[in-house]
Amino acid sequence: MRRRLAALSLFCIIDTLGFGILIPLVPYMADRFGTPPQYITPVLGSYSLCQLLAAPWWGRLSDRYGRRPVLMASLAGACLSYVLLALANDVWWLLASRMLAGFMAGNIAAAFAYAADVSEPEQRAASLGLVGAAIGLGFTLGPPLGGLLAGGDPRTADFHAPALVSIGTSLLAILVVRFVLPESHTAEHRRGHPDVPRRSWHLLRERPALAMLAASTLVVTYSQSILESIFAIWALHRYGFGPRTVGFLLFGIALPALLMQGVIVRALAPRFGEARLAIAGVLLFVTGLVIVAQAPTLAGTVAGLLLCGTGLGGYNPSASALASKQSRGHDRGAVLGTYVASASLARVLGPFTSGAFYAALGPSAPFLVGAGVTLAAPLLLRRAAAA
Numbered sequence: 015m016r017r018r019l020a021a022l023s024l025f026c027i028i029d030t031l032g033f034g035i036l037i038p039l040v041p042y043m044a045d046r047f048g049t050p051p052q053y054i055t056p057v058l059g060s061y062s063l064c065q066l067l068a069a070p071w072w073g074r075l076s077d078r079y080g081r082r083p084v085l086m087a088s089l090a091g092a093c094l095s096y097v098l099l100a101l102a103n104d105v106w107w108l109l110a111s112r113m114l115a116g117f118m119a120g121n122i123a124a125a126f127a128y129a130a131d132v133s134e135p136e137q138r139a140a141s142l143g144l145v146g147a148a149i150g151l152g153f154t155l156g157p158p159l160g161g162l163l164a165g166g167d168p169r170t171a172d173f174h175a176p177a178l179v180s181i182g183t184s185l186l187a188i189l190v191v192r193f194v195l196p197e198s199h200t201a202e203h204r205r206g207h208p209d210v211p212r213r214s215w216h217l218l219r220e221r222p223a224l225a226m227l228a229a230s231t232l233v234v235t236y237s238q239s240i241l242e243s244i245f246a247i248w249a250l251h252r253y254g255f256g257p258r259t260v261g262f263l264l265f266g267i268a269l270p271a272l273l274m275q276g277v278i279v280r281a282l283a284p285r286f287g288e289a290r291l292a293i294a295g296v297l298l299f300v301t302g303l304v305i306v307a308q309a310p311t312l313a314g315t316v317a318g319l320l321l322c323g324t325g326l327g328g329y330n331p332s333a334s335a336l337a338s339k340q341s342r343g344h345d346r347g348a349v350l351g352t353y354v355a356s357a358s359l360a361r362v363l364g365p366f367t368s369g370a371f372y373a374a375l376g377p378s379a380p381f382l383v384g385a386g387v388t389l390a391a392p393l394l395l396r397r398a399a400a401a
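My numbering puts the first residue of the sequence shown at 15, with every later residue one more than the last.
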């Protein structure tokens with residue numbers, strides 16, 4: 015099991031590094047093409063809209079054909095989307111690249127399903143936390159690396175070099191899956207369960223606890239996506255920051271999330287349980303959002319971002335572990351695919367509303383709206399634990 019998790023973690027680091035490199039850059043690309051803020055964030059949301067449509071389908075494919083084919087197909091699509099982004103010379107090409115990347119984004123759900131496949135039930139939270147930490151490491155290193163490659167001046171930032179590096183990481187990740195990562199969902203298991211008898215969305219009606227967990231993740235990820243989608247524009251207008259500085263500020267979210275997922279959650283889950291850790295993470299995240307919205311100085315902004323990262327790092331692996339326990343073994347990919355789809359819905363709603371809140375209600379409004387919405391999550395988590 016340890017060797018497989020190590021190989022999976024290596025894949026996740028390389029894969030998400032390429033994705034993370036582009037996180038601080040896309041808003042600046044859209045801004046350079048003359049796109050106003052209320053339309054920049056929907057360009058970002060187009061990725062998640064397409065991921066939402068495709069995630070349950072990828073989950074069923076991984077249950078039927080195995081995790082490795084899904085991972086490799088997803089990586090090939092990501093590589094092509096980065097090529098389109100490197101060639102983009104207007105906002106429509108940028109939109110096309112993000113939509114393609116979203117349609118092909120079956121990698122995260124397949125990676126979590128792989129980790130659950132190779133783990134015993136009592137070790138599943140720790141394994142999912144390890145995978146989450148590997149994903150977090152890619153997202154931790156990606157934004158500052160992308161910012162360094164692009165440069166600090168938003169007027170002269172180089173967007174081609176980061177895209178080329180992302181292409182290279184996708185090709186490297188394909189090699190890792192092909193030559194290092196063995197299949198976890200065996201042919202014997204697939205023959206024993208040739209099809210998932212019900213569509214993935216029906217699982218939410220059949221399993222109330224899964225529905226509550228999906229709803230909790232919907233509101234938490236909605237607020238997270240508000241923060242991520244508007245932050246670069248907010249930082250540009252508030253402080254005049256370019257891609258390099260924004261990349262390092264996003265590091266302030268990713269680093270504590272990485273430490274929480276990789277070390278702290280694994281140590282605390284056996285003692286306190288995933289539900290309590292998830293609730294504590296939500297409360298820290300809400301506090302961080304309020305501080306970012308109200309902080310009068312850059313130091314306060316950084317403190318708020320650190321709290322946001324700590325809270326998300328406590329919530330995400332804990333909620334994922336709770337969701338994985340709702341599967342019956344053979345349908346784990348469908349369960350996690352449906353769970354990830356709820357986060358994808360939130361990542362559509364967040365960008366499609368954050369720019370409108372920013373333009374209509376002021377710079378602090380997106381963060382305060384997100385904090386208010388997220389307060390529903392502890393109640394949903396309690397109901398899931400009681401179901």
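From the three backbone atoms N, C-alpha and C, an ideal C-beta is built for every residue, glycine too.
Please read these numbers as outputs of a predicted model, since none were measured by experiment.
Between which two residues does the alpha helix (DSSP H) containing residue i stretch?
i           : result
residue 37  : Where residue 37 is concerned, there is no enclosing alpha helix (DSSP H), given that its DSSP letter is neither H nor E.
residue 262 : 257-273
residue 88  : 81-101
residue 308 : 288-308
residue 277 : Looking at the DSSP string, residue 277 is not in any alpha helix (DSSP H), and its letter there is neither H nor E.
residue 337 : 312-338
residue 415 : Nothing about residue 415 can be read from this structure; the chain reaches only from 15 to 401.
residue 119 : Neither: residue 119 is in no alpha helix (DSSP H) and is coded neither H nor E.
residue 136 : No alpha helix (DSSP H) contains residue 136, which DSSP labels as neither H nor E.
residue 219 : 217-220
residue 392 : 391-400
Going by beta-carbon coordinates alone, are residue i and residue j separated by less than 8 Å?
i           : j           : result
residue 230 : residue 145 : no
residue 362 : residue 91  : no
residue 224 : residue 337 : yes
residue 72  : residue 323 : no
residue 369 : residue 325 : no
residue 44  : residue 108 : yes
residue 30  : residue 237 : no
residue 28  : residue 151 : no
residue 52  : residue 307 : no
residue 66  : residue 358 : yes
residue 239 : residue 32  : no
residue 140 : residue 272 : no
residue 303 : residue 255 : no
Alpha carbon to alpha carbon, how far is residue j from residue i? Give it in angstroms, no decimals.
i           : j           : result
residue 74  : residue 142 : 20 Å
residue 49  : residue 105 : 8 Å
residue 94  : residue 186 : 14 Å
residue 38  : residue 246 : 7 Å
residue 211 : residue 217 : Bear in mind that the predicted position of residue 211 carries a pLDDT of just 42, short of 50, making it unreliable; the figure below should be weighed with that in mind. Approximately 11 Å, taken between the alpha carbons.
residue 138 : residue 309 : 38 Å
residue 266 : residue 320 : 5 Å
residue 54  : residue 41  : 6 Å
residue 209 : residue 125 : Annotation note: pLDDT 47 at residue 209 (below 50); position unreliable, coordinate value reported separately. So the alpha carbons of these two residues sit roughly 20 Å apart.
residue 268 : residue 375 : 28 Å
residue 206 : residue 83  : Bear in mind that a pLDDT of 49 at residue 206, under 50, signals an unreliable position, so the number given afterwards is only what the model happens to contain. Taking the straight line joining both Cα atoms gives about 19 Å.
residue 279 : residue 264 : 21 Å
residue 241 : residue 136 : 34 Å
residue 17  : residue 228 : 31 Å
residue 394 : residue 46  : 41 Å
residue 165 : residue 285 : 45 Å
residue 184 : residue 25  : 10 Å
residue 248 : residue 301 : 19 Å
Using 8 Å for Cβ pairs, my map puts residue i next to residue j. What's the rounded Cβ distance?
i           : j           : result
residue 260 : residue 161 : 6 Å
residue 414 : residue 191 : What the structure shows of the chain is the stretch from 15 to 401, and residue 414 is not part of that stretch, so it cannot be assessed.
residue 371 : residue 379 : 4 Å
residue 392 : residue 327 : That belief does not hold up - the Cβ atoms of residue 392 and residue 327 are roughly 17 Å apart, past 8 Å.
residue 119 : residue 111 : No, residue 119 and residue 111 are not in contact; Cβ-Cβ is about 13 Å, not under 8 Å.
residue 132 : residue 19  : 7 Å
residue 78  : residue 128 : That pair is no contact at about 15 Å.
residue 171 : residue 257 : 5 Å
residue 329 : residue 292 : 5 Å
Can you tell me which of the three DSSP states residue i falls into?
i           : result
residue 282 : helix
residue 352 : helix
residue 209 : Note that residue 209 scores a pLDDT of 47, beneath 50, so its modelled location is shaky and nothing firm can be said.
residue 226 : helix
residue 404 : Not covered by the structure: residue 404. The range shown for the chain is 15 to 401.
residue 195 : coil
residue 147 : helix
residue 358 : helix
residue 173 : coil
residue 62  : helix
residue 104 : coil
residue 51  : helix
residue 161 : helix
residue 167 : coil
residue 22  : helix
Nearer than 7 Å: is that true of the beta carbon of residue i relative to any heavy atom of the ligand SAH?
i           : result
residue 370 : Summarising the ligand content, the structure contains no ligands, and the ligand SAH is consequently not present.
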